[in-house]
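See structure below.
Chains as they are written, first to last, in the numbering used here: chain A, 1 to 572; chain B, 573 to 699.
Now the structure itself:
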């Protein structure tokens, strides 16, 4: 506000001064020049009449000569004055218009509007810094679940892209450098409803700065960062950044885990995907043999580490080993795009191939050459640019690693269904493959070839007022009650309770007899309509009463009193 | 030497001196107070006010405030003069003249405050 006001005042100073001076001279001249009255007697124009005449002179030329007809001397002066005053008006107005088009002013206005919008936000929101591939995927994912986000990006083009995107809900966006604390503050870092800051710029150092600023300015806020190097990761972790994602490491450990337990991986894949999409086929990476890794950069190293830990034989192909370092097995010098280098790395005896250079064209070429030599390979491709999606889909790779999508996917899961991370950790530690494959078959039976919709329910006053009300009146509610259809209580809703959290206790796949009460948190998967039906039971006391005992009674306080009175009458 | 400061100081002091020139004399005697002087006081005060636009310091804000007060008083004075001289039968009576001059006296005090603030700023700045 201040900036705009002072900017306008300062820029309008010269035009206003010119206006005042020119008007004063025109008035003084008119009052000084001898005039004549109606009878031709000499008189003088008073300052008031001069002011009156000059006021309308330049704007309404040809209004007439008032209060008396002018002498020729006056006419000479007036004709001069007309030109000057009109010129000064044009100058002043032109200046104002230039000012309105000034980019500094426009930026100040945009920032002010953004600040007001963010300040007025009445719903919890996440602050997303960086609207690149990852940021846009995350914002879209959050919007699908009606979670508000606020965006900062340094590139004006991306911000206008966001505004053109025709989103379902309005996403306030500011073009500013997220490294500056002022920009973060403008975007609502100190806002009480700000739930978290997500730093997704492609510059490690910027993400680090955002994390530091967020932790210092609003210590309670959740900070989630992307980091592409272990150094930055350790640095972020040192001051308490809540979640740090390294796309290369995340993907490599994912592949390693899917080699070890394919069923659990498939299960978590389905649950963390978008509900309603076609179910994808399970992939079974080879469990032993030789892998060829092309490119020993960040991704190649992460894959090397995790595959090595699983006990695979490995060959590495790298074009510039003096820059990236050399693994203990040694390295085949080259890019891997030629058959010779692949032969050298013994591609014909290999079971798997990682095409992990940072050039998409190279990766595609590596895969095509390698598959010609050995069509049975399990291929993992690194996709650097999302525009090449279609090419990678066709080249025949079993797993495609796109850093931005992986990060967006993980963060979305973390923000929307945090209990799912709990479940996958529990499953990894305590459950085996048989458990996972049993659950998979239950899900398949439930959702009819589509990915299940996953949602969380907290039994609190906001999300489940009816449950609160019922337990306050001393009723026990079991998990089975929640899963009854409020339209027809004999039917069960198409949903599976995946996890129940009561206090400190976490129970995966809780029994339907389990009693539940206020404060509990639940994770369900199933069809989307089950969720809407369940909301009825959670929020509506009549629906809840109906699923408990099949009766629809009068539940309002006045009606309850009336019913008691009626039964008393009947008793008498 | 900052030429902007010269112009600024010039107009503030000129506003005060012209205002004083209009103010001196018998308070209710129209012969002692000239219309042209009031005209120039108003013009110079307007210029001084616009010159203070866009100064973001605390001092600048107070200076702008005093100028706005002076403008208000002077515009009231010239309005009364115009109405009395042109829109009423009686013309410039001594009592009306007295109120015009006292309004300009008020404006003069605001102008004095302006000049005092300017002097204080100059003394504090020492450069």
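Beta carbons are placed, not taken as given, at the ideal position from N, Cα and C, and that holds for glycine.
Expected contact under 8 Å - CB spacing of residue i and residue j to nearest Å
{"i": "residue 143(A)", "j": "residue 167(A)", "result": "6 Å"}
{"i": "residue 411(A)", "j": "residue 270(A)", "result": "That belief does not hold up - the Cβ atoms of residue 411(A) and residue 270(A) are roughly 19 Å apart, past 8 Å."}
{"i": "residue 513(A)", "j": "residue 274(A)", "result": "Wrong, their Cβ atoms sit about 32 Å apart, outside the cutoff."}
{"i": "residue 482(A)", "j": "residue 537(A)", "result": "6 Å"}
{"i": "residue 332(A)", "j": "residue 345(A)", "result": "5 Å"}
{"i": "residue 516(A)", "j": "residue 479(A)", "result": "6 Å"}
{"i": "residue 89(A)", "j": "residue 58(A)", "result": "6 Å"}
{"i": "residue 193(A)", "j": "residue 124(A)", "result": "5 Å"}
Boundaries (first-last residue) of the beta strand (DSSP E) holding residue i
{"i": "residue 243(A)", "result": "243-245"}
{"i": "residue 50(A)", "result": "Here residue 50(A) belongs to no beta strand (DSSP E); instead the alpha helix (DSSP H) covers 47-57."}
{"i": "residue 380(A)", "result": "378-382"}
{"i": "residue 371(A)", "result": "Note, residue 371(A): premise wrong, no beta strand (DSSP E); alpha helix (DSSP H) at 360-373."}
{"i": "residue 128(A)", "result": "125-129"}
{"i": "residue 222(A)", "result": "222-226"}
{"i": "residue 500(A)", "result": "495-502"}
{"i": "residue 350(A)", "result": "350-355"}
{"i": "residue 400(A)", "result": "399-401"}
{"i": "residue 153(A)", "result": "148-153"}
{"i": "residue 264(A)", "result": "Segment 262-272 is the alpha helix (DSSP H) holding residue 264(A); no beta strand (DSSP E) there."}
Contact list for residue i against chain B, beta-carbon separation under 7 Å
{"i": "residue 47(A)", "result": "607, 611"}
{"i": "residue 9(A)", "result": "625, 626"}
{"i": "residue 6(A)", "result": "626, 628"}
{"i": "residue 24(A)", "result": "615"}
{"i": "residue 16(A)", "result": "622"}
Inter-residue Cα distance where the pair is residue i and residue j
{"i": "residue 669(B)", "j": "residue 690(B)", "result": "31 Å"}
{"i": "residue 631(B)", "j": "residue 4(A)", "result": "19 Å"}
{"i": "residue 497(A)", "j": "residue 365(A)", "result": "46 Å"}
{"i": "residue 613(B)", "j": "residue 585(B)", "result": "11 Å"}
{"i": "residue 367(A)", "j": "residue 316(A)", "result": "15 Å"}
{"i": "residue 1(A)", "j": "residue 173(A)", "result": "Unreliable positioning characterises residue 1(A) in this predicted model, as indicated by a pLDDT of 49, which lies under 50. A coordinate reading is not provided."}
{"i": "residue 570(A)", "j": "residue 415(A)", "result": "56 Å"}
{"i": "residue 561(A)", "j": "residue 147(A)", "result": "41 Å"}
{"i": "residue 294(A)", "j": "residue 404(A)", "result": "21 Å"}
{"i": "residue 20(A)", "j": "residue 654(B)", "result": "20 Å"}
{"i": "residue 506(A)", "j": "residue 430(A)", "result": "12 Å"}
{"i": "residue 699(B)", "j": "residue 583(B)", "result": "In this prediction, residue 699(B) has a pLDDT of 49, which is less than 50 and means its spatial position is unreliable; what the coordinates show is noted afterwards. Spanning the two alpha carbons is a distance of roughly 21 Å."}
{"i": "residue 574(B)", "j": "residue 693(B)", "result": "14 Å"}
{"i": "residue 203(A)", "j": "residue 222(A)", "result": "20 Å"}
{"i": "residue 454(A)", "j": "residue 145(A)", "result": "11 Å"}
{"i": "residue 648(B)", "j": "residue 675(B)", "result": "7 Å"}
{"i": "residue 29(A)", "j": "residue 604(B)", "result": "23 Å"}
{"i": "residue 304(A)", "j": "residue 155(A)", "result": "35 Å"}
{"i": "residue 646(B)", "j": "residue 69(A)", "result": "31 Å"}
{"i": "residue 18(A)", "j": "residue 83(A)", "result": "14 Å"}
{"i": "residue 207(A)", "j": "residue 197(A)", "result": "10 Å"}
{"i": "residue 681(B)", "j": "residue 150(A)", "result": "52 Å"}
{"i": "residue 126(A)", "j": "residue 195(A)", "result": "6 Å"}
Closest by C-alpha distance to residue i, when choosing among the options
{"i": "residue 310(A)", "options": "298(A), 291(A), 526(A), 520(A)", "result": "291(A)"}
{"i": "residue 48(A)", "options": "637(B), 656(B), 641(B), 640(B)", "result": "656(B)"}
{"i": "residue 71(A)", "options": "156(A), 45(A), 54(A), 51(A)", "result": "45(A)"}
{"i": "residue 597(B)", "options": "617(B), 677(B), 618(B)", "result": "677(B)"}
{"i": "residue 422(A)", "options": "517(A), 319(A), 268(A)", "result": "268(A)"}
{"i": "residue 14(A)", "options": "256(A), 99(A), 413(A), 31(A)", "result": "99(A)"}
{"i": "residue 491(A)", "options": "550(A), 436(A), 499(A), 541(A)", "result": "550(A)"}
{"i": "residue 427(A)", "options": "263(A), 187(A), 381(A)", "result": "263(A)"}
{"i": "residue 383(A)", "options": "377(A), 372(A), 395(A), 374(A)", "result": "395(A)"}
{"i": "residue 484(A)", "options": "476(A), 494(A), 475(A)", "result": "494(A)"}
8 Å Cβ cut-off: residues of chain B touching residue i
{"i": "residue 20(A)", "result": "615, 618, 619, 622"}
Neighbouring residues, chain A, relative to residue i (Cβ below 9 Å)
{"i": "residue 604(B)", "result": "Simply none; closest approach about 18 Å."}
{"i": "residue 657(B)", "result": "46, 48"}
Closer than 7 Å at the beta carbon, the chain A residues around residue i
{"i": "residue 654(B)", "result": "48"}
The alpha helix (DSSP H) enclosing residue i, as first and last residue numbers
{"i": "residue 444(A)", "result": "433-447"}
{"i": "residue 580(B)", "result": "575-595"}
{"i": "residue 430(A)", "result": "418-430"}
{"i": "residue 79(A)", "result": "72-101"}
{"i": "residue 324(A)", "result": "321-324"}
{"i": "residue 216(A)", "result": "204-217"}
Per-residue contacts from residue i into chain B (C-beta, under 9 Å)
{"i": "residue 12(A)", "result": "622, 625, 626"}
Heavy atom of the ligand ADP within 7 Å of residue i beta-carbon
{"i": "residue 356(A)", "result": "By its list of ligands, the structure shown contains no ligand whatsoever, and the ligand ADP lies outside what it can speak to."}
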